[in-house]
């Protein structure tokens, strides 16, 4: 049956996460952004709500929910703080999603899922390199066979959660001649010999979330470290990105909603020309456009999440949702600054941070340009409209 | 939560699509050129049950829902934008207010013939000096012993030439400058004292008739008042909440036709020894067209679903109409761009689609009115947008 209402359990989760974000995150976000750090206690609190394993089956200590629930969590957290949502995006949306999509061995599931879902350790995901984003053929990190296992060497770039994670999914070339079908994924733990956490980026936005380089030099990966099928790491990574994009779309919706809600409350109080800003059509029209685009973006995100939850492919829908949501979010945040006037340009109100955070969503997990390539390819290769 | 059509709705959509491909799409260019619908078109639409789409079976309708309705309007408009509004204006603007505000006798008198397509309906609110500002209307009805005497002129009435039944809004309480100035009436074609005036020559949806209606001491029996006296603005605004979903669906259908045509053309047209779809400049447009279309379709479907649930849907319909109509104008323009010079000539459909799309930003509330409706909701009900 068609329904545009959230299922009751997801709506209840939304309310819990909304209250949590307002009470525990909102008062601290400015400081976390300034200090480029969020405290470990935050991760413990997120874990206590089940948010460090939203989609991990309950037998492994997760919340056992789907992509729709995850998109609601992402929106509610990002409405207050994009960086906290990004930490969850890398942990749930990339690291854990890769483990779940690739099909972990029993031993891998037992070893990693409970630790990640409980928040005991944070997950990170390593695909990007200094000279390679989504272009697998350019990947330089190599895994060379050594006995039953492999020795991995190379550099991974722009790794979210990289400086504080305990578990990393690392993509490395295992068969250079096979290009996209010659990459494998490995589970690497923090502290492995030859595994070094490198330079931490100083970023425009998402500043409380750490982004680092990872340097691997002859890091040993045993046979039990291979995640998923040999040489299928890149193929799995594409599935992970398809799912992760829905999360980034939801994160974008959250930031845009934050920008709208802050703007609405400001415009209601601020007076100009003898009345509240909300009396002015110039302001009303900006608010109406923001709200309409947010509603549209949220529907696109949830449409993609529902497809994933139904076990369908969502490649087109995920790219549409991510591209549309991230672009409307940047616009909404810029308009929010405009509505706030000079105050919007200061750190006394959160909208300048939302704008800086939103920009990342047009770039990470496949830029808007990559999304358009994917969308066009899907349209041109499909006869169905 | 589930945004997909159910099996019955999908089957219905398939039937409407196949009907449109055979009967409606092939003559769209001819209708545009002639500025008229061909003989027999209305009968064909009636046989498909498209004129009483969500009228209950007891009144001779198909008894379907609004989600199915917007899907049907979309398909019809994808085939021919003018035919889309013929059906949408009839259902949304004439049948709908009778269903919602009509007395039992009025429903029995009008709905069966409107549902079969024997009678076509229209809606008449706009006047030469009163568009978005409905309160500025001057066409007036004065109550006398033999009925209401109506004098004045209305304009821009969609389906005005074909209509047997007019939902007419006139001033009955001139002292009131606000919400209780107008009343709604059901006017029959054979009632003396009124006639169809000038037939507009338009930029787009040229086959759809847009006319003046002239009232010269037209005496309307008292039982033709639709809803309580002086409550016409409410009838009009509530009707437009639903009508906007029809226009949104029309915009989506026109945009889909533009994307279909652009995709097809981009695969066959070559430039610099490659199909133009191989250029990122083309791919970018196709991707943006699809994304905007997908967003508009979901907003439209959501609005229709809310209407089916008998929940408030005014602001949601305004969002759907605003997003869909502006997307449609952009998408059809991008389609013309992809076609290049061929897009500007009538050998291909996209110039017609561009002209047809433009109207969706204007009628049943301009984009500016939609923004006012949305902003008012946001400002007066801050909790509204949070309950998602």
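Protein chains in written order, with my numbering: chain A, 7 to 391; chain B, -9 to 378. Ideal placement from N, C-alpha and C gives every residue a C-beta, glycine not left out. Being a predicted model, the structure only gives us computed values, none of them experimental.
C-alpha gap between residue i and residue j, whole angstroms
i	j	result
residue 236/B	residue 73/B	12 angstroms
residue 391/A	residue 276/B	Only weak support exists for where residue 391/A lies, its pLDDT of 44 falling under 50; the value from the coordinates is given anyway. The straight-line gap from Cα to Cα measures roughly 12 angstroms.
residue 325/B	residue 273/B	12 angstroms
residue 238/A	residue -7/B	33 angstroms
residue 306/B	residue 292/B	8 angstroms
residue 191/A	residue 352/A	43 angstroms
residue 375/A	residue 126/B	49 angstroms
residue 8/A	residue 229/B	24 angstroms
residue 64/A	residue 359/B	50 angstroms
residue 247/B	residue 322/B	9 angstroms
residue 57/A	residue 158/A	32 angstroms
residue 64/B	residue 344/B	16 angstroms
For residue i, three-class secondary structure by DSSP
i	result
residue 60/A	coil
residue 242/A	helix
residue 170/B	coil
residue 348/B	helix
residue 190/B	coil
residue 49/B	helix
residue 88/A	helix
residue 197/B	coil
residue 395/A	Outside the modelled stretch of chain A, which goes from 7 to 391, sits residue 395/A, for which no answer is possible.
residue 221/A	strand
residue 391/A	Note that residue 391/A scores 44 on pLDDT, short of 50, meaning its location in the model is unreliable; the coordinates nonetheless yield the value given after this. Three-state result, residue 391/A: coil.
residue 327/B	helix
residue 225/B	helix
residue 378/B	coil
residue 111/A	coil
residue 207/B	strand
residue 8/B	helix
residue 271/A	helix
residue 151/B	coil
residue 359/B	helix
Partner residues on chain B for residue i, Cβ-Cβ distance less than 9 angstroms
i	result
residue 293/A	361, 364, 365, 368, 369
residue 297/A	305, 309, 364, 365, 367, 368, 375
residue 274/A	369, 372
residue 74/A	-9
Chain A contact residues for residue i, given Cβ-Cβ distances below 9 angstroms
i	result
residue 324/B	Ordered by position in chain A, no residue passes the 9 angstroms Cβ test against residue 324/B, which lies about 13 angstroms from the chain.
residue 6/B	Within chain A, no residue comes near residue 6/B; the closest Cβ sits about 15 angstroms away, beyond 9 angstroms.
residue 380/B	Nothing can be reported for residue 380/B: it is not among the residues displayed for chain B, which extend from -9 to 378.
Closer than 7 angstroms at the beta carbon, the chain A residues around residue i
i	result
residue 274/B	378
residue 281/B	326, 329, 330, 381
residue 312/B	298
residue 378/B	304
Range covered by the beta strand (DSSP E) that runs through residue i
i	result
residue 177/A	171 to 179
residue 148/A	148 to 152
residue 112/B	111 to 114
residue 205/A	201 to 206
residue 143/B	137 to 148
residue 163/A	155 to 166
residue 194/A	189 to 195
residue 26/B	Residue 26/B -> no beta strand (DSSP E), and no H or E assigned at all.
residue 128/A	128 to 132
When the options are compared against residue i, the one with the closest alpha-carbon
i	options	result
residue 249/B	320/B, 159/B, 99/B, 87/B	320/B
residue 61/B	351/B, 353/B, 294/B	294/B
residue 283/A	164/B, 365/B, 234/B	365/B
residue 180/A	160/A, 167/A, 51/A	160/A
residue 329/B	346/B, 315/B, 255/B	255/B
residue 94/A	66/A, 186/A, 128/A, 67/A	128/A
residue 115/A	12/A, 193/A, 359/A	193/A
residue 151/B	290/B, 361/B, 190/B	190/B
residue 230/A	12/A, 8/A, 111/A	111/A
residue 49/A	21/A, 98/A, 74/A	98/A
residue 292/A	267/A, 280/A, 373/A, 29/A	267/A
Within chain E, partners of residue i - CB distance below 9 angstroms
i	result
residue 54/B	No chain E appears in this structure, whose protein chains are A and B.
Interface partners of residue i on chain A, CB under 8 angstroms
i	result
residue -7/B	8, 10, 305, 308, 309, 312
residue -4/B	7, 8
Extent of the continuous alpha helix (DSSP H) run through residue i
i	result
residue 282/B	270 to 298
residue 339/A	321 to 346
residue 76/B	71 to 78
residue 133/B	Unbroken run through residue 133/B is the beta strand (DSSP E), 130 to 134; no alpha helix (DSSP H).
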